[in-house]
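These protein sequences, in sequence, are chains A and B. For the first sequence, my numbering gives the first residue as 1, with consecutive numbering after it. For the second sequence, my numbering gives the first residue as 1, with consecutive numbering after it. Glycine is no exception: its CB is placed at the ideal position from the N, C-alpha and C atoms. Model, not experiment: these values are computed from the prediction. Following: one structure in structure tokens, then a few remarks.
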Amino acid sequence: MKLSPQRFLHVFACVISILAPPAFAATEATTDPVGFITTSVSGTSTSSPHLSLISPTLMQPVAWQGTITAINSSTITVAGTPWTSNQFNGANGSYYVEVYSATKPGAISDISGTTTSTLTTHDSLSAFGAAGDLIRIRKHVTLSDFLGANNTFGLHGTDDPATADEVLVYSGSSFTSYFYYTGDPSNAAGWYKTYTGDPAGSETIGPNEGVVVKRKTAGSVSITFGGTVKTGNTLIPIVNGLNVLGTVSAQGLTLANSNLYKSDNTALHGSDDPATGDDVTIYSGTGKVTYFYYTGDPSNPAGWYDSFNGIPAGSVTIPAGTAIVVNRKGGGPFNWSLPAPSSF
Amino acid sequence: MNKFSPLAAVLFLASLLPSAHATTLGFGTLGAQRTLVDASLNQLAADPTSLVLEGTFASESFTFNPNLSILANYNSIVAAGGWNQFGLNTSTGLQDPGVTTNLGVNASGHLSGSVTDNNSGATEANFFNNKPVYVWVFNGSSPSASTQMGIFRAPSATTPWTFPSNGNGVGDTATLSTTPTNAAVISAIGGAGSTNSSQLILAAVTPVPEPSTFAFGVLGAFAALCSRQRRRKS
Chain A
1 MKLSPQRFLH
11 VFACVISILA
21 PPAFAATEAT
31 TDPVGFITTS
41 VSGTSTSSPH
51 LSLISPTLMQ
61 PVAWQGTITA
71 INSSTITVAG
81 TPWTSNQFNG
91 ANGSYYVEVY
101 SATKPGAISD
111 ISGTTTSTLT
121 THDSLSAFGA
131 AGDLIRIRKH
141 VTLSDFLGAN
151 NTFGLHGTDD
161 PATADEVLVY
171 SGSSFTSYFY
181 YTGDPSNAAG
191 WYKTYTGDPA
201 GSETIGPNEG
211 VVVKRKTAGS
221 VSITFGGTVK
231 TGNTLIPIVN
241 GLNVLGTVSA
251 QGLTLANSNL
261 YKSDNTALHG
271 SDDPATGDDV
281 TIYSGTGKVT
291 YFYYTGDPSN
301 PAGWYDSFNG
311 IPAGSVTIPA
321 GTAIVVNRKG
331 GGPFNWSLPA
341 PSSF
Chain B
1 MNKFSPLAAV
11 LFLASLLPSA
21 HATTLGFGTL
31 GAQRTLVDAS
41 LNQLAADPTS
51 LVLEGTFASE
61 SFTFNPNLSI
71 LANYNSIVAA
81 GGWNQFGLNT
91 STGLQDPGVT
101 TNLGVNASGH
111 LSGSVTDNNS
121 GATEANFFNN
131 KPVYVWVFNG
141 SSPSASTQMG
151 IFRAPSATTP
161 WTFPSNGNGV
171 GDTATLSTTP
181 TNAAVISAIG
191 GAGSTNSSQL
201 ILAAVTPVPE
211 PSTFAFGVLG
221 AFAALCSRQR
231 RRKS
């Protein structure tokens with residue numbers, strides 16, 4: 001696999017209010033920076049597809065933000081009547097809400113219902129916020145947003161899903177496969193689910209979800225995605241087993257500053273043996289490398305190391321625009337507090 | 001579908017996703033895929049009426065017998081060919097935990113859907129690593145409910161009909177095709193069905209009547225003949 005190191009994050013010091021549609025003109029102002037990230041996906045052949053792990057990383061602009069007046073189980077209430085019925089669900093598209101404060105990382109859940117002053121969420125966020133804390137509402141990034149409704153960046157689309165480049169959107173270890181169909185008299189060209197043939201341009205890519213591009217043809221493809229930088233820490237759920245995770249850090253991360261390991265044992269499990277420690281696999285242009293957190297010995301301090309050759313790896317980067325594979329070998333699920341970018 | 005679930009949902013997901021490794025094998029449905037038809041060339045009914053299995057044979061030394069029931073053929077071919085069905089434990093024959101499948105026939109009569117096995121053991125997904133893929137199709141929801149079946153394989157397809165190797169759990173997938181451009185030749189194995197450039201055709205059974213049934217039939221015909229001659233004489 002060749003995942004180009006040339007990923008560019010271009011940040012324009014614009015305010016979202018400039019980009020926001022008129023419908024949201026009355027929302028509270030936000031100042032999150034915007035920009036774009038370019039990621040390269042390299043080619044190969046049908047018989048030996050190449051994998052590239054990518055993610056949008058950037059967000060859609062904030063559609064609304066404000067203060068919570070009440071939160072319980074799956075309902076969040078705000079003051080006044082700032083919304084219209086079903087403004088953030090149903091025919092208007094898929095939205096999610098982030099609950100956060102100056103001291104609490106952002107916890108995110110899909111919105112399944114909207115009244116003039118309340119949101120119904122897929123999950124209970126009451127453990128992550130309280131009255132007085134803040135919420136931000138954003139629309140999900142869709143497959144068409146990310147890759148272009150008409151396959152803007154030229155992934156290999158065909159009239160046969162067996163030969164087309166596949167786009168696997170992972171949620172934890174399960175995935176849905178998509179491809180770009182060139183169309184026929186009964187089905188317009190566009191993104192479709194590989195195994196069912198259902199139209200898929202509006203399928204969403206959650207902030208935590210990793211995208212695996214399985215390229216089956218020669219030549220590299222550059223994918224550029226523009227959006228808003230996610231500020232504040234973000235909780236990313238990690239479960240036992242395989243996790244293919246998108247990274248919402250527009251700055252990129254290093255293993256050492258990623259918060260994937262924490263000395264209070266609230267994150268990945270470190271070990272004196274790479275066979276038993278949780279590990280993180282990062283794909284690059286030449287393949288993939290697996291890392292684990294070593295608990296240390298008299299000759300080697302505790303820290304991140306290459307699992308197979310013992311080279312210190314704390315400074316290894318998780319570039320913006322990529323996805324990573326976390327293998328949680330036991331110990332139960334936890335929420336990874338992905339740190340906010342400090343600069344762009 | 002929820003795309004992002006913090007802690008509460010994490011606890012739920014943890015019970016469903018215990019494994020780090022998974023193999024997925026599926027069929028694309030769009031494009032000029034061959035249509036599954038019965039022996040009378042009528043398109044097969046969509047799920048859940050028609051059963052589709054994917055797996056592998058150790059040997060192709062078996063022959064479809066149209067004089068036996070489909071169930072009898074199934075049992076005979078499983079034994080003679082050394083059939084192993086993807087998603088089942090090859091030792092116990094039971095479905096592996098966490099297997100997901102929506103493999104079947106869609107409304108267009110195409111193979112559709114996929115099977116995912118999250119278990120990496122030697123008698124689970126790993127058993128199938130790089131083995132040839134065979135597709136076994138029935139016109140009923142089970143062998144015992146079927147009157148027709150077909151076994152198909154495309155050894156020379158551009159996208160090989162082989163199971164992906166269960167390596168690291170990411171991207172261990174294969175999407176197969178039945179289009180004539182990708183799979184120019186699809187063979188019906190052991191005489192179970194036939195193919196052409198646009199169809200995969202099942203084979204029907206015409207079971208020989210049981211001896212007692214046959215005897216009753218002869219007696220009935222004889223009685224009818226006698227009755228007819230008696231009417232003529234009178």
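Original post:
What is the residue span of the beta strand (DSSP E) that ASP306(A) lies within?
Top reply: 303-306
Original post:
Taking C-beta to C-beta, are TYR283(A) and PHE292(A) nearer than 8 Å?
Top reply: no
Subject >> Bridge partner(s) assigned by DSSP for ASN84(B) >> reply: THR56(B)
Original post:
When the Cβ atoms of the segment 154-165 of chain A are set against those of the segment 107-124 of chain A, are three or more pairs found closer than 8 Å?
Top reply: no
**OP:** With DSSP as the reference, label TYR74(B) as helix, strand or coil.
**Re:** helix
**OP:** State buried or exposed for VAL316(A), treating a residue as buried only when at least 16 other CB atoms are found within 10 Å of its CB.
**Re:** buried
**OP:** Find the nearest neighbour of THR123(B) within the set LEU103(B), PRO155(B), GLY87(B) and GLY98(B), judged by alpha-carbon distance.
**Re:** GLY87(B)
Subject >> Within-8 Å CB hit, ASN150(A) to chain B >> reply: no
Original post:
How is the beta strand (DSSP E) around ASP369(A) delimited, first residue to last?
Top reply: Residue 369(A) is absent from the structure shown; chain A starts at 1 and stops at 344.
Subject >> Near-chain A residues of the segment 84-118 of chain B - C-beta to any C-beta below 9 Å >> reply: THR100, ASN102, LEU103, ASN106, SER108, HIS110, SER112, GLY113, SER114, THR116 and ASN118
**OP:** Name the two residues that bound the continuous beta strand (DSSP E) containing SER284(A).
**Re:** 279-284
**OP:** Could you tell me which residues DSSP puts in a beta bridge with SER174(A)?
**Re:** SER171(A)
Original post:
If you measure from the beta carbon of GLY80(A) to each beta carbon in chain B, is any gap under 8 Å?
Top reply: no
**OP:** Examine chain A for any beta-carbon lying closer than 8 Å to the beta-carbon of VAL170(B), and answer yes or no.
**Re:** yes
**OP:** Determine the burial state of GLY210(A): buried for a count of at least 16 other Cβ atoms within 10 Å of its Cβ, exposed for fewer.
**Re:** buried
Original post:
By DSSP, does PHE127(B) sit in helix, in strand, or in coil?
Top reply: helix
Original post:
Can we say the segment 114-132 of chain B touches the segment 187-202 of chain B, given the rule of at least three CB pairs closer than 8 Å?
Top reply: no
Subject >> Chain-ordered neighbours of ASN187(A) on chain B, where CB pairs are closer than 7 Å >> reply: LEU30
**OP:** Just mark PRO155(B) as buried or exposed, buried being the case when its beta carbon has 16 or more other beta carbons within 10 Å.
**Re:** exposed
Original post:
Considering only residues of the same chain and omitting the five flanking positions on each side of PRO185(A), which have a CB-CB separation below 6 Å?
Top reply: none
Original post:
Taking all protein chains shown into account, do 16 or more other C-beta atoms lie within 10 angstroms of the C-beta of GLN33(B), making it buried, or fewer, making it exposed?
Top reply: buried
Original post:
To the nearest whole angstrom, what separates the beta carbons of LEU253(A) and ILE318(A), a pair I think is in contact under 8 Å?
Top reply: 4 Å
Original post:
In this structure, does DSSP put TRP191(A) in helix, strand or coil?
Top reply: strand
Original post:
With 16 as the cutoff for other CB atoms within 10 Å, does GLN148(B) come out buried or exposed?
Top reply: buried
Original post:
Taking the alpha carbon of ASP165(A) as the point to measure from, which residue in SER59(B), GLY191(B), TYR74(B) and ALA174(B) has its own alpha carbon closest?
Top reply: ALA174(B)
Subject >> Among ALA130(A), PHE128(A), SER94(A) and PRO105(A), the one whose alpha carbon lies nearest that of GLY113(A) >> reply: SER94(A)
Original post:
If you drop the 5 nearest sequence neighbours on each side, which residues of the same chain put their C-beta closer than 8 Å to that of THR115(A)?
Top reply: TRP83 and SER85
Original post:
Going along chain A, which residues have a C-beta under 7 Å from ALA22(B)?
Top reply: SER173
Original post:
Got a sec: is the Cβ-Cβ distance from THR114(A) to anything in chain B below 8 Å?
Top reply: no
Original post:
Hey, out of LEU134(A), GLY332(A), GLY331(A) and VAL325(A), whose CA is closest to VAL169(A)'s CA?
Top reply: VAL325(A)
**OP:** Kindly give me the distance between the Cβ atoms of TYR195(A) and GLY169(B), rounded to whole angstroms, as I take these residues to be in contact under 8 Å.
**Re:** That pair is no contact at about 19 Å.
Subject >> LEU25(B), DSSP secondary structure in three states >> reply: strand
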